[in-house]
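Undergrad: Let me begin by handing over the structure; questions about it come next.
The structure is reproduced here in structure tokens:
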């Protein structure tokens, strides 16, 4: 992104950037506790086990501007474009880590934004009523670099705003508050009965219908999901901290966007943009992971790992999605710059093994973020292929709108950097109810019973944290 001259700092809605670096790591649980008490808190997690790839964690709150766009707004991406272009970065100081978010927009894009991009049938019922786009402009944040073990206090300077030194001092004060806390999780939520938006028989029949579509040549793959609902009387931030302890995820997120509280433990990167290089890391293929030291558990763990490595079905599913997402990137990348550095690798997470691919390309000069969304959203790993037909089938089979599920959570920086996760393994908390949606790709040789059981495996960690039984 081309930055304006330093003198342009005095223009309306043009921002400077200031940062202070501190040695060491804040207590992430205590800092999350402090930020969760502030308005519209947004916490994004990094990955200490793979810091070269997912090296930063962020804490922000109290945005100075907000945009919220409803589903079915055919001008949604134009409105988003206008909002993102309403603030300009005048300069970025030397010495800041490459790829670190240094202020800008944080929030989410719901799956139902797709209805503003393509002509899709409406879902049967939209019970959560979530916005298609919900973003806040965060002008100050704490960033921790897992690779260098340094903490950054970052603030944007606006000509008509609060003095930047006061902002950074305020962030330092929040760090001091966190250092005096000894956070402990509040009482684990009482057990509550889990319900689904579809019965087992409904799910199995939906799989059968998808397989008929595949046999008829309409699609090659469709991602089918079901939503679980459970009463929740605890604090959402406790669920986020619990997930960080027992189910750490590289693209975890906590977001307070009233009336919704969002806790996400996503293992999947939808999009990352650094220096005009765009990257996506789709997941296709899952097996449970067993970390118990008992021999039986170790054997079961090894069997699942080997099964995932050798599964031709899972390999074909991932290859199909890689091809789809390469084609999506072709619409916005310079010809000849797309490549697949990793066709398939098995990554271990706290409770699951996943098969992951990596796809990259160089964005064409002048590509706007709204154009990137138009070309790529939602990600192919959570729709199916061909994408539009798969989404039409999803709308006809799933009884409720997906809302945030399989949308994206993350940030779009004023300097052109961006990172969005795939909003899976996500709890949406509303009116003392928590909603957790999970799914999987259905192909011609899918075993309906096995696909159903896989959704239960994926939901287990979050439902355990919610006290579901």
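In this note's numbering, the protein residues as written are 491 to 959. From the three backbone atoms N, C-alpha and C, an ideal C-beta is built for every residue, glycine too.
Measuring CA to CA, which of 928, 768, 717 and 903 is closest to residue 685?
TA: Your numbering for residue 685 matches position 195 in the chain shown. Selected option, being the one with the closest Cα: 717.
Undergrad: What is the DSSP secondary structure of residue 808, reduced to helix, strand or coil?
TA: The residue you call residue 808 lines up with position 318 of the chain shown. The answer is helix: DSSP assigns residue 808 an H, G or I state.
Undergrad: Contact defined as beta carbons within less than 8 Å: I believe residue 907 pairs with residue 598. What is the distance between those atoms, to the nearest angstrom?
TA: In the chain shown, the residue the question calls residue 907 occupies position 417. In the chain shown, the residue the question calls residue 598 occupies position 108. About 17 Å separates the two Cβ atoms, so there is no contact after all.
Undergrad: As a quick exercise: from 799, 887, 812 and 514, pick the residue whose alpha carbon is nearest that of residue 696.
TA: Translated into positions along the chain shown, residue 696 becomes position 206. Comparing C-alpha distances from residue 696 to each of 799, 887, 812 and 514 shows the shortest one belongs to 887.
Undergrad: For residue 833 and residue 762, I'd like the C-alpha separation in whole angstroms.
TA: Here residue 833 refers to the residue found at position 343 when the chain shown is read from its first residue. Here residue 762 refers to the residue found at position 272 when the chain shown is read from its first residue. So the two alpha carbons sit approximately 18 Å from each other.
Undergrad: Is DSSP giving residue 831 helix, strand or coil here?
TA: Here the question's residue 831 lines up with position 341 in the chain shown. If DSSP states are grouped into helix, strand and coil, residue 831 belongs with the strands.
Undergrad: Just to confirm my understanding: we take residue 608, look at its own chain, exclude 5 residues before and 5 after, and list those with CB closer than 6 Å. What are they?
TA: Taking the chain shown and counting its residues from 1, one reaches residue 608 at position 118. Same-chain partners within the cutoff: 878.
Undergrad: Using alpha carbons as the reference points, say which of 840, 933 and 864 lies closest to residue 880.
TA: Against the chain shown, residue 880 aligns to sequence position 390. Measuring from the Cα of residue 880, the nearest candidate turns out to be 933.
Undergrad: Shortest alpha-carbon distance to residue 839 belongs to which of 547, 799, 739 and 827?
TA: Numbered from its first residue, the chain shown carries residue 839 at position 349. Per the Cα distances, 739.
Undergrad: Could you tell me the boundaries of the alpha helix (DSSP H) in which residue 954 lies?
TA: Taking the first residue of the chain shown as position 1, residue 954 is located at position 464. Segment 938 to 955, the alpha helix (DSSP H) holding residue 954.
Undergrad: Return the chain-ordered ranges of every alpha helix (DSSP H) run that is complete within the segment 669 to 742 and spans a minimum of 4 residues.
TA: 690 to 705 and 726 to 736
Undergrad: Residue 596 to residue 795, Cα distance in whole Å?
TA: For the purposes of this step, residue 596 is taken as residue 106 along the chain shown, with counting starting at 1. For the purposes of this step, residue 795 is taken as residue 305 along the chain shown, with counting starting at 1. When rounded, the distance between both Cα atoms is 36 Å.
Undergrad: Is it buried or exposed for residue 584, if we count other Cβ within 10 angstroms and need 16 for buried?
TA: Locating residue 584 in the chain shown gives position 94, counting from the first residue. Exposed: under 16 other Cβ atoms inside 10 Å.
Undergrad: Exposed or buried, residue 867, counting other C-beta atoms within 10 Å across all chains shown (16 or more means buried)?
TA: Locating residue 867 in the chain shown gives position 377, where the first residue counts as 1. That one is buried.
Undergrad: What are the start and end residues of the alpha helix (DSSP H) that includes residue 568?
TA: Taking the chain shown and counting its residues from 1, the one referred to as residue 568 is at position 78. First-last of the alpha helix (DSSP H) with residue 568: 566 to 574.
Undergrad: Would you give the residue range spanned by the alpha helix (DSSP H) that residue 591 belongs to?
TA: Here residue 591 corresponds to residue number 101 of the chain shown, with the count starting at 1. Where residue 591 is concerned, there is no enclosing alpha helix (DSSP H), given that its DSSP letter is neither H nor E.
Undergrad: Let me know the secondary structure DSSP gives residue 797 once reduced to three states.
TA: As a working mapping, residue 797 is identified with position 307 in the chain shown. Residue 797 falls in the helix class under three-state DSSP.
Undergrad: If we ignore side chains and look at the alpha-carbon of each, how far apart do residue 842 and residue 780 end up?
TA: Start at 1 with the first residue of the chain shown, and residue 842 comes out as number 352. Start at 1 with the first residue of the chain shown, and residue 780 comes out as number 290. So the alpha carbons of these two residues sit roughly 8 Å apart.
Undergrad: Whole angstroms is fine: what's the gap from residue 690's alpha carbon to residue 698's?
TA: Sequence index remark: in the chain shown, residue 690 carries index 200 (1-based). Sequence index remark: in the chain shown, residue 698 carries index 208 (1-based). About 12 Å.
Undergrad: Express the C-alpha separation of residue 628 and residue 860 in angstroms, rounding to a whole number.
TA: Mapped onto the chain shown, residue 860 falls at position 370. Mapped onto the chain shown, residue 628 falls at position 138. For residue 860 and residue 628, the distance between alpha carbons rounds to 19 Å.
Undergrad: Please list the segments of the beta strand (DSSP E) lying wholly inside the segment 867 to 940, counting only runs of 3 or more residues, in order along the chain.
TA: 898 to 903, 908 to 911, 916 to 920 and 923 to 932
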